[in-house]
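In our numbering, the protein residues as written are 3 to 771.
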Amino acid sequence: MLLSNFFTGCGARLAPPYPSLKGGRTWCRAWPYAFFGVLFPIVLSAQQMDSLALQTVVIQATRAQLGSPVPHTNLSAAAIARTYQAQDIPFILSGVPSLVESSDGGTGVGYTGLRIRGSDPTRVNVTLNGVPLNDAESQGMYWVDLPDLAASAAEIQVQRGVGTSTNGAGSFGATVNIDLSRVEADPFATVTNTFGSFGTRKHSAYVGTGLLAGKVAFTGRISTIQSDGYIDRASVDLNSYHLTGTYIDQRQSLQAQLLSGHEITYQAWEGVPAQYIDDKNLRHINTAGGEKPGEPYADQVDDYTQRHLLLHYKRVFSEQLSLQLNGHYTQGFGFYEQYKADQYAPDYGLLTQVGDSLQIPTDLVRRRWLDNRFYGSTFALRWTPELRWSPTLLLGGALSRYEGQHFGEVIWSDYFVGEPKDYRYYDNQADKRDGNLFLKTELAFGRGLTGLIDLQVRRVKYDFNGFANDLRPVDQTVALLFFNPKAGLNWHFSPHCDAYAFFGVANREPNRDDYTQSTPASRPRAEHMNDLEVGLKTKRSRWNASANIYWMQYRDQLALDGRLNDVGASIRTNVADSYRAGLELEAAVQIVERLILTANAAFSRNKVTTFTEYRDNWDTGGQDAITYTHTDLAFSPNVIARAELGWTILQSNTQTLAVSLAGKYVGRQFLDLTSNANTQLPAYFFSDLRLNYDLTKVAGRQISLILAVNNLFDARYSSNGWTYRYTSAGYDGRPDDPYTRLEGVSTYNLTGFFPQAGRSWMGTVVLKF
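Given below as structure tokens:
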């Protein structure tokens, strides 16, 4: 079973490299709790439903099917349960080819992120039951907002490359589809307790009624996760719940889901200073909150609540025709709080105690709030007419609207006077509307040849507070129209082998900061990518293997080049020509009956044809332009490889004991587009050891024990970072700033790293009734 499931088809300084700072993300007001009964239809009667049907009652219009020409990886609920303890989804997906996971706090709990084929989280499309989960404005993905989400997942599918048409922003590296549609036929209760290094602990309870009268089911999960973090003060306090109600009859189904998460995370966004990273006693230093004299500021935290209401209705009209309708509503509200030293009154529109002097600095505490509503609907009409080539036609689409408010408050100050408490020093609004329509056709030509045609039209309209060309603050509107065609062939040319080819086009709009911190004259263009995937896969009785070759050609990819735009903000510029090309290999072999080896490797070349860096010259106050050719794209290792050896030591009707040892290698990564060896993340290798012990007929239905030793050999490495470079013959910043390093003659870089924890342990007890 392990082998048969392994392949489902071969298919600036405060700104970190991925947008951990939530200034670009949307938030919203608290809203009344609402929950009511719920979802999905199936043609079969309740008496005929088996567990497989119940787990797949939601039509996933954005999901790649078995035999799809899109390279993808599926993780079932059982596979997730074998590895999941408290670390978030990017770490659960560690075995996906071309994926690099990272954690701000170093433990995999709290702020985490992933890159796939070098594409950052803003370019990885994430959906929850087909509903967009990425932030509508920044396009980033904040896993911390929905703690313990993996515990509710029936399946996670990762599509690499452009993938099939999806909802939300275009995929520029991968799509992650999370399915929460699981419906259990029988009543159940699960209690989970996890403890680990750095004060990590997770406690959760998950209960379900099973199908009542064969038609109605309810489930509920409540969870809490805490950790002190490997990085100093990088503590997390996460709480969440997930409620689901389902109704199923012979022709229709209805499901409602309410998810809520609240996180309080001490900021670790600045990274560890470059001067400390090689010192074992200093490599976990956290500079956040350090502007406060004496002890670091205790409340330098991110505090955010987010709730999602999902409604799904499915109607089966006949064996050939069915309709899926989905509604979603997301609200969130919160802030990040900062102690800031030496601030000036004009920057906040305030006066000081000594009058309106512009030269008297003050310390203050500010909160930057985000407040949003995101709502809309999706649909999928599936028709399988009895025609030549056995076509399956899927007409789908979505409409959504984001309404957000961004504002900042000064909640304490030494010298500012004459203003009320919680003075609001900025306030702006944004309104983004997104609509798409797609038509997918799957065809069976005969002799094992099948085809896919996928055509999508997407329109984005964004209203926001920006700047006119004369730098006056004015309301702005941007409207974009994209056409994203895709096509592929899959050839099952022997009982054991398939070959496939896929070509897709993706377009993606700039994010909020690109618009609000620019004028129409300096605004960047949308990004465009062509993606070609060609692969071969084989499946035998004792082994599976696949190979996938990809070419991702970009036009106008956005990247920081060091320049400031006409409103004085750091800008992302359009890089005219860049590409990613690679080979992804996967294999699994059953060495003996209870010993299985799985492995994957990705070899890639990720280049910018021409790039000009604009480097600040602190002596002249200007910038020096340096042009590079054929440099590497940032955060794009040329080699990523992982292998896992699993041994089932004991297996009987009452107990199963298994152990696995995994190792992962990530090649060196550059922190910008200059391929400068002075600002890179060195290659690293780490290993994880895991023990799984399942017992039945002891207490309840089953007891599952998981004991993991992460980073078994105590490797010292960093998986993320940021950098800024400047030139000065007259000033050496190293004594004043631990982020500063001398790079060459009169050239310095300020660099921060995000080191990951050394050897650590985590133990979990799962009791199922």
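Note that the Cβ used here is the ideal one computed from N, Cα and C, for glycine as well. None of these values were measured; they are calculated from a predicted model.
With DSSP run on the structure shown, which of helix, strand or coil describes residue i?
| i | result |
| --- | --- |
| Ala32 | Residue placement at Ala32 cannot be trusted, given a pLDDT of 34 that sits under 50; the coordinates are not used to answer. |
| Tyr377 | strand |
| Thr124 | helix |
| Ile628 | strand |
| Pro43 | Any reading at Pro43 needs caution, since the residue's pLDDT is 30, under 50, leaving its predicted position unreliable; the model's value is listed next. Residue state, collapsed to three classes: coil. |
| Gly170 | coil |
| Ser154 | helix |
| Tyr686 | strand |
| Ala717 | coil |
| Val178 | strand |
| Asp346 | Strictly speaking, residue 346 in this sequence is Tyr, with Asp absent from that position. Residue state, collapsed to three classes: coil. |
| Ala79 | helix |
| Ser199 | helix |
| Gly210 | strand |
| Thr612 | strand |
| Asp147 | helix |
| Arg84 | helix |
| Gly273 | coil |
| Phe756 | strand |
| Arg27 | Here Arg27 scores only 40 on pLDDT, less than 50, and its place in the model should not be relied on; the value that follows carries that caveat. Correct three-state label for Arg27: coil. |
| Gly623 | coil |
| Gly97 | helix |
| Tyr733 | coil |
| Pro71 | coil |
| Glu186 | coil |
| Thr64 | coil |
| His408 | strand |
| Asp618 | strand |
| Asp634 | strand |
| Leu352 | coil |
| Gln141 | coil |
Just to confirm the assignment, what range does the alpha helix (DSSP H) spanning residue i have?
| i | result |
| --- | --- |
| Phe93 | Ile91 to Ile94 |
| Arg582 | Premise fails: Arg582 lies in the beta strand (DSSP E), Ser572 to Val594, not in any alpha helix (DSSP H). |
What span of residues does the beta strand (DSSP E) with residue i cover, start to end?
| i | result |
| --- | --- |
| Thr518 | It is not in any beta strand (DSSP E) - Thr518 instead sits in the alpha helix (DSSP H) that spans Arg514 to Thr518. |
| Ile250 | Val238 to Ile250 |
| Gln228 | Val218 to Ser229 |
| Gln653 | Val641 to Gln653 |
| Trp763 | Ser762 to Lys770 |
| Ile118 | Thr114 to Ile118 |
| Glu745 | Thr742 to Gly746 |
From the DSSP secondary-structure annotation, give me the bridge partner or partners of residue i.
| i | result |
| --- | --- |
| Met531 | Ala508 and Tyr556 |
| Thr521 | None, per the DSSP bridge assignment. |
| Gln302 | DSSP output for Gln302 lists no bridge partner at all. |
| Arg390 | The partner list for Arg390 (beta bridge, DSSP) is empty, contrary to what the question assumes. |
| Tyr268 | Val303 |
| Leu2 | Residue 2 lies beyond the range of the chain shown here (3 to 771); nothing can be said about it. |
| Asn550 | Gly537 and Glu586 |
| Gln161 | His74 and Thr177 |
| Tyr232 | Beta-bridge pairing links Tyr232 to no other residue. |
| Pro134 | Thr129 |
| His205 | Asn195 and Thr226 |
| Phe484 | Arg460 |
| Val367 | Tyr341 and Trp414 |
| Ala258 | Leu313 |
Give the C-beta separation of residue i and residue j to the nearest angstrom, bearing in mind that I take them to be a contact with Cβ-Cβ under 8 angstroms.
| i | j | result |
| --- | --- | --- |
| Asn532 | Gln555 | 5 angstroms |
| Val209 | Ala191 | 5 angstroms |
| Gln257 | His314 | 5 angstroms |
| Leu802 | Ile180 | No information on residue 802 is available, as it lies outside the stretch 3 to 771 that the chain covers here. |
| Thr114 | Pro92 | 5 angstroms |
| Gly112 | Gly231 | 7 angstroms |
| Asn513 | Asn486 | Contact flag wrong, Cβ pair sits at about 18 angstroms. |
| Val777 | Ile158 | The structure shown does not extend to residue 777, since the chain is modelled only from 3 to 771, so the question has no answer here. |
Original post:
What are the start and end residues of each continuous beta strand (DSSP E) run of 3 or more residues lying completely inside the region 423-482, in chain order?
Top reply: 425-448 and 451-469
Subject >> Entirely enclosed beta strand (DSSP E) segments - the region 657-713, minimum 3 residues >> reply: 657-668, 686-698 and 704-712
**OP:** Kindly provide the ranges of any beta strand (DSSP E) runs that are 3 or more residues long and lie completely inside the region 275-329, ordered along the chain.
**Re:** 303-318
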